[in-house]
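Q:
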RNA sequence: GCGCCCAUAGCCCAAUUGGAUAGAGCAACGGACUACGAAUCCGUAGGCUAGAGGUUCGAGUCCUCUUGGGCGCACCA
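Numbering (the working numbering), first residue to last: 8 to 550.
(1) Nearest to residue 115 by alpha carbon, out of 478, 541, 545?
(2) If residue 290 and residue 337 are in contact, beta carbons under 8 angstroms, what's the gap, nearest whole angstrom?
(3) State the Cα-Cα distance for the pair residue 393 and residue 419, rounded to the nearest angstrom.
(4) Is it the case that the Cβ atoms of residue 144 and residue 405 are separated by a distance below 7 angstroms?
(5) Excluding the 5 residues preceding and the 5 following residue 176 in the sequence, name in chain order all residues of the same chain whose CB lies nearer than 6 angstroms to its CB.
(6) Would you mind sorting residue 450 into buried or exposed? The rule is 16 or more other CB atoms within 10 Å of its CB.
(7) Where do the N-terminal and C-terminal ends of the alpha helix (DSSP H) with residue 367 fall, by residue?
(8) Enumerated in chain order, which unbroken segments of the alpha helix (DSSP H) with a length of 4 residues or greater are wholly contained in the stretch 306-372?
(9) Under three-state DSSP, which class holds residue 119?
(10) Provide the residue span of the alpha helix (DSSP H) that contains residue 12, from first to last.
(11) Taking only the alpha-carbon atoms, compute the straight-line gap between residue 147 and residue 410 and give it to the nearest angstrom.
(12) Have a look at residue 381 and residue 54 and give me their C-alpha separation to the nearest angstrom.
(13) Please state the DSSP three-state secondary structure of residue 86.
(14) Based on Cα-Cα distance, which residue from 191, 200, 348 lies nearest to residue 216?
(15) In three-state DSSP terms, what is residue 37?
(16) Compare the Cα-Cα distances from residue 168 to each of 71, 549, 318 and report the closest residue.
(17) Taking C-alpha atoms, which residue in 172, 550, 19 lies nearest to residue 29?
(18) Keeping to the same chain, check which residues put their C-beta closer than 8 angstroms to that of residue 10; ignore five residues upstream and five downstream.
(19) Kindly list the residues whose CB is nearer than 6 angstroms to the CB of residue 333, restricted to its own chain and excluding five residues on each side of it in sequence; keep chain order.
(20) When you compare each of 302, 295, 100 to residue 282 by their alpha carbons, which one comes out closest?
(21) In chain order, what residues of the same chain have a beta carbon less than 6 angstroms from the beta carbon of residue 422, not counting five sequence neighbours either side?
(22) Leaving out the 5 sequence neighbours to the left and right, which residues in its chain are closer than 7 angstroms to residue 446 when beta-carbon positions are compared?
(23) Going by beta-carbon coordinates alone, are residue 234 and residue 314 separated by less than 7 angstroms?
(24) Around the Cβ of residue 126, are there at least 16 other Cβ atoms within 10 angstroms (buried) or fewer (exposed)?
Right under this line is the structure:
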């Protein structure tokens, strides 16, 4: 990359001046203003601060010492308090554009992940009911992170963890049982904290048609398994509609079956991190800064979620993942500090686990908030949302915002087929380019690699520059775990393309120029398609 | 009471992780289709970055406090 070249020249110049510097200090950024060039470095200011020198003088020494290839760098200048700005030559642009065209659907991919094993755990909703809109955001974020990491050369596993042991499952089985009793004409007292949804009645009816009227409370395992099977099928179907498939579904009960729970308990005890009190087994969370200690095993003998979670995360290390991303909703924010602390205490490198917490989704219809309550089961399910706005719009909207910001999901906007809708805006650019390429073929334009140097108009140069930002954008989004950068970029890119399109005609009598512009269109189409692909959003040929 | 996240244009949000004159979209106003898709484009207007201090060459971004909002603080997950 060009930055590496500039960096090496800067380091050489510093050495020549008798003041060698740490290469890690030399960073580049793209100036906001075109007048400040294509790349800028603040190295002179950073070094001057360290050495109490004059930044402008240092910058002058650096510029004087560099031997830049004029074919790549048109000019270098010092500005402001000591920025060094580089203006790249147009030749460099054309070379990079060639490279883009040659790379095609792999443009933007990199190997910075170096084949490291990464796991992204997300959704992980217990099979007690349909996925909600909140899960939808998490599904979109998790899958986009997985796609970003893959494109950067990580070997990625998408994993879904679910609790099929424990209290919630008992409640689920009991909920089905009670509805079953109701179906048989019994009057039942349905507890407030059990699962209220209508789907429980459906499952109860299925149980009845399969096994008749003679089931009792003792058949709770049957009710449980029946419920899990039905609900999971539904969850997977919903995820499939979103275009999401998991590599691994990891269930809690396997941790009991293979002894991992017991081993973890003993390992924690061996570290002196647990103690008995009031009939329960406690974890000394206060040793890790928590306000109070936490229960690992209830006095009833049943573990809380904490112990299986620790055991589960231990398997992530045992399975050899170099990087683990856990994507959670903000309501789970309290669940991970103990888990990470325990992992550290067990000798694992807890810094490999990154917990990404996303904020909630608010649905808006007609400017009004749509009330959602899981308890009352009157929430909008993810399926209903996809029915209404489609998978593309759903995914795009979920990914548009930084995950730490609350998401206002405007249902009216997502369904609008107009310029107000950002999904259509970006997809339209793709469809439009397809149509231009088809038009050129109809006109009988003989396609050949054009002379890219003919692309000299300001709108053309601006478009090329925007396209060439894509690879570093992808790497930055992956490194920062911030998928929202992709939609932000795509919207800007689509705007630059549309502006170019309006100003300049692509297919003209001038065959050479037409070919160069068709190449540019093709490059733009490639980047839009690659970007949408990272989001899991389709790049339509027609709309 | 304690912890995590958030506050930027009328609305919804960006801002290259501490950079130079804070930017898009929507809404408002004014323009552009007898040629490649008007689901588009061009222009105008809109800001004391919630408030107060601090750190430094430089702060929307980092630190402290205040105000306002979301989410947590179980022998639920």
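Idealized CB from N, CA, C, for every residue including glycine. Values in this document were obtained by computation on a predicted structure and should not be read as measured data.
A: On the basis of the data shown:
(1) Taking the Cα of residue 115 as reference, the smallest distance to any Cα among 478, 541, 545 is reached at 478.
(2) No, residue 290 and residue 337 are not in contact; Cβ-Cβ is about 23 angstroms, not under 8 angstroms.
(3) When rounded, the distance between both Cα atoms is 13 angstroms.
(4) A contact, by the Cβ cut-off of 7 angstroms.
(5) Answer for residue 176: 231, listed in chain order.
(6) Per the 10 Å Cβ criterion, exposed.
(7) Unbroken run through residue 367: none, as it is neither H nor E.
(8) 313-325, 343-352, all fully within the stretch 306-372.
(9) Coil, per DSSP.
(10) Where residue 12 is concerned, the enclosing alpha helix (DSSP H) stretches over 9-23.
(11) Taking the straight line joining both Cα atoms gives about 11 angstroms.
(12) Below a pLDDT of 50, predicted positions are generally treated as unreliable, and residue 381, at 47, falls in that range; no measurement from the model is reported.
(13) In this structure, DSSP gives residue 86 an extended state, which the three-state scheme calls strand.
(14) The residue among 191, 200, 348 with its C-alpha nearest the C-alpha of residue 216 is 191.
(15) Annotated three-state conformation of residue 37 is coil, per DSSP.
(16) The residue with the shortest Cα to Cα distance from residue 168 is 318.
(17) Comparing Cα-Cα distances from residue 29 to each of 172, 550, 19, the minimum goes to 19.
(18) Within the same chain, residue 10 has close Cβ partners 35, 46.
(19) Cβ within range, chain order: 128, 362.
(20) For the residues 302, 295, 100, the minimum Cα distance to residue 282 belongs to 302.
(21) Closer than 6 angstroms at the Cβ level, and outside the excluded window around residue 422, lie 396.
(22) Excluding sequence neighbours, residue 446 sits near 514.
(23) In this structure, residue 314 does not lie closer than 7 angstroms to residue 234 by Cβ.
(24) So residue 126 counts as buried.
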